[in-house]
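In case it helps, the working numbering puts the sequence shown at residues 2 to 246. To keep things clear, I will list the structure first and then write my remarks on it.
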Amino acid sequence: MIPFSFLLFAFLKGIQVATSSPVPYSAVAWGDRSGGGDASNVDLTDVVDISCGWSACVSRKNDGTAVAWGGSAYGGDASNVDLIDVADISCGTFACVARKNDGTAVAWGRIEYGGDASSVDLRDVADISCGGLACVARKNDGTAVAWGDSKYGGDASNVELTDVADISCGTFACVTRKNDGTTLTPSSTPLLITPLLIGGCSLFVLVSYYFLYYKPSDSSRMLNSKTEVNQVGLERAELVVAILL
Numbered sequence: 002m003i004p005f006s007f008l009l010f011a012f013l014k015g016i017q018v019a020t021s022s023p024v025p026y027s028a029v030a031w032g033d034r035s036g037g038g039d040a041s042n043v044d045l046t047d048v049v050d051i052s053c054g055w056s057a058c059v060s061r062k063n064d065g066t067a068v069a070w071g072g073s074a075y076g077g078d079a080s081n082v083d084l085i086d087v088a089d090i091s092c093g094t095f096a097c098v099a100r101k102n103d104g105t106a107v108a109w110g111r112i113e114y115g116g117d118a119s120s121v122d123l124r125d126v127a128d129i130s131c132g133g134l135a136c137v138a139r140k141n142d143g144t145a146v147a148w149g150d151s152k153y154g155g156d157a158s159n160v161e162l163t164d165v166a167d168i169s170c171g172t173f174a175c176v177t178r179k180n181d182g183t184t185l186t187p188s189s190t191p192l193l194i195t196p197l198l199i200g201g202c203s204l205f206v207l208v209s210y211y212f213l214y215y216k217p218s219d220s221s222r223m224l225n226s227k228t229e230v231n232q233v234g235l236e237r238a239e240l241v242v243a244i245l246l
């Protein structure tokens, strides 16, 4: 007679095997058809991970392959890269990155905003992150590399990316966390200057309104029309923005 304890063990083991077996998952997309809402041109079965950017999406499958769809200029067209043996995916606004099990990584999308990673070495990669206009890869040796728009996180030459523990990219900047607990932001200088520029522009517009409405330079001409004041102020604001940019 088979002992009850053996039967119980076999029953519980069977449950464990059944629950640990890989189960295929499907995925569905919706929204703007040209921006990733229509995935009818790709196979979204056996999906284990997904990532969407501004106007494109990527799904990683259980067999290690990945498929992309959406706007071709935003990462929706991955026909120029080899998406096999994929371990991780990340999509930003204009580009996507896939990390492979062999430690390499590939990028595609808008060239100037992260779609072209030919300027950096994407080997021995442990983690990836894509933001609005740039991407970052963390390596197993603790270093990190960035690429994309140099003004918004793509150029990390002013910081030391060693002993890196974590990475994250946002719309206009990237941040790395180090093992000593400190953080670095490659785009910290532009982030400090931007509020000053916005404040200066706003002050200029307010001063312009004051002199136009209350202190006209020509006493024979008074701008009493609210529409005229708004139009002149708008023209001056546009001029300031054009000069700043």
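Glycine included, each C-beta is placed from N, C-alpha and C at the ideal position.
Could you pull the DSSP bridge partners for residue i from this structure?
| i | result |
| --- | --- |
| Trp-70 | Cys-58 |
| Val-107 | Ala-99 |
| Thr-177 | Ile-168, Leu-185 |
| Ala-30 | Paired residue(s): none; Ala-30 is not in a bridge. |
| Asp-89 | Arg-100 |
| Val-146 | Ala-138 |
Between which two residues does the beta strand (DSSP E) harbouring residue i extend?
| i | result |
| --- | --- |
| Val-126 | 126 to 131 |
| Ser-120 | Element bounds for Ser-120: n/a, residue is neither H nor E. |
| Lys-140 | 135 to 140 |
| Ile-51 | 48 to 53 |
Whose C-alpha, out of the options, is nearest the C-alpha of residue i?
| i | options | result |
| --- | --- | --- |
| Asp-89 | Asn-102, Asn-81, Gly-182, Asp-78 | Asn-102 |
| Ile-112 | Val-98, Asp-125, Arg-124 | Val-98 |
| Asp-50 | Ala-57, Ser-56, Gly-154, Arg-61 | Arg-61 |
| Asp-86 | Val-68, Arg-34, Ala-157 | Val-68 |
| Asn-63 | Leu-84, Ser-80, Gly-36, Ser-56 | Leu-84 |
| Glu-161 | Val-176, Tyr-153, Lys-152, Thr-172 | Val-176 |
| Ser-119 | Gly-143, Trp-148, Gly-182, Val-29 | Trp-148 |
| Thr-172 | Asn-81, Gly-154, Thr-144, Gly-65 | Gly-154 |
| Ser-91 | Gly-65, Ser-80, Val-59 | Val-59 |
| Gly-38 | Gly-65, Thr-66, Trp-70 | Trp-70 |
| Asp-117 | Ala-174, Gly-182, Phe-95 | Phe-95 |
Excluding sequence positions up to five away, which residues of its chain have a Cβ less than 6 Å from the Cβ of residue i?
| i | result |
| --- | --- |
| Val-146 | Val-121, Ala-138 |
| Arg-178 | Ala-166, Asp-167, Thr-184 |
| Ala-74 | Arg-111 |
| Asp-164 | Gly-143, Lys-179, Asn-180 |
| Val-82 | Val-107, Trp-109 |
| Ala-79 | Ala-69, Trp-109 |
Leaving aside the five residues before and after residue i along the sequence, list all residues of the same chain whose C-beta is less than 7 Å from its C-beta, in chain order.
| i | result |
| --- | --- |
| Gly-93 | Gly-54, Gly-115, Cys-131, Gly-132, Gly-133, Cys-136, Cys-170 |
| Ser-27 | Leu-45, Thr-46, Val-48 |
| Gly-72 | Ser-35, Gly-36, Ser-56, Ala-57 |
State buried or exposed for residue i, treating a residue as buried only when at least 16 other CB atoms are found within 10 Å of its CB.
| i | result |
| --- | --- |
| Gly-76 | buried |
| Asp-150 | buried |
| Asp-128 | buried |
| Lys-140 | buried |
| Val-43 | buried |
| Ser-52 | buried |
| Gly-32 | exposed |
| Ser-158 | exposed |
| Ser-220 | A caution first: Ser-220 carries a pLDDT of 41, below 50, which makes its placement in the model too unreliable to give a value. |
| Val-29 | exposed |
Kindly say whether residue i, judged by its beta-carbon, lies nearer than 8 Å to any beta-carbon of chain D.
| i | result |
| --- | --- |
| Thr-172 | Structure shown: chain D not included; a single protein chain is present. |
Can you name, in chain order, every residue of its own chain whose Cβ lies under 8 Å from the Cβ of residue i, other than the five neighbours on each side?
| i | result |
| --- | --- |
| Leu-123 | Thr-105, Ala-106, Val-107, Ala-108, Ala-138, Val-146 |
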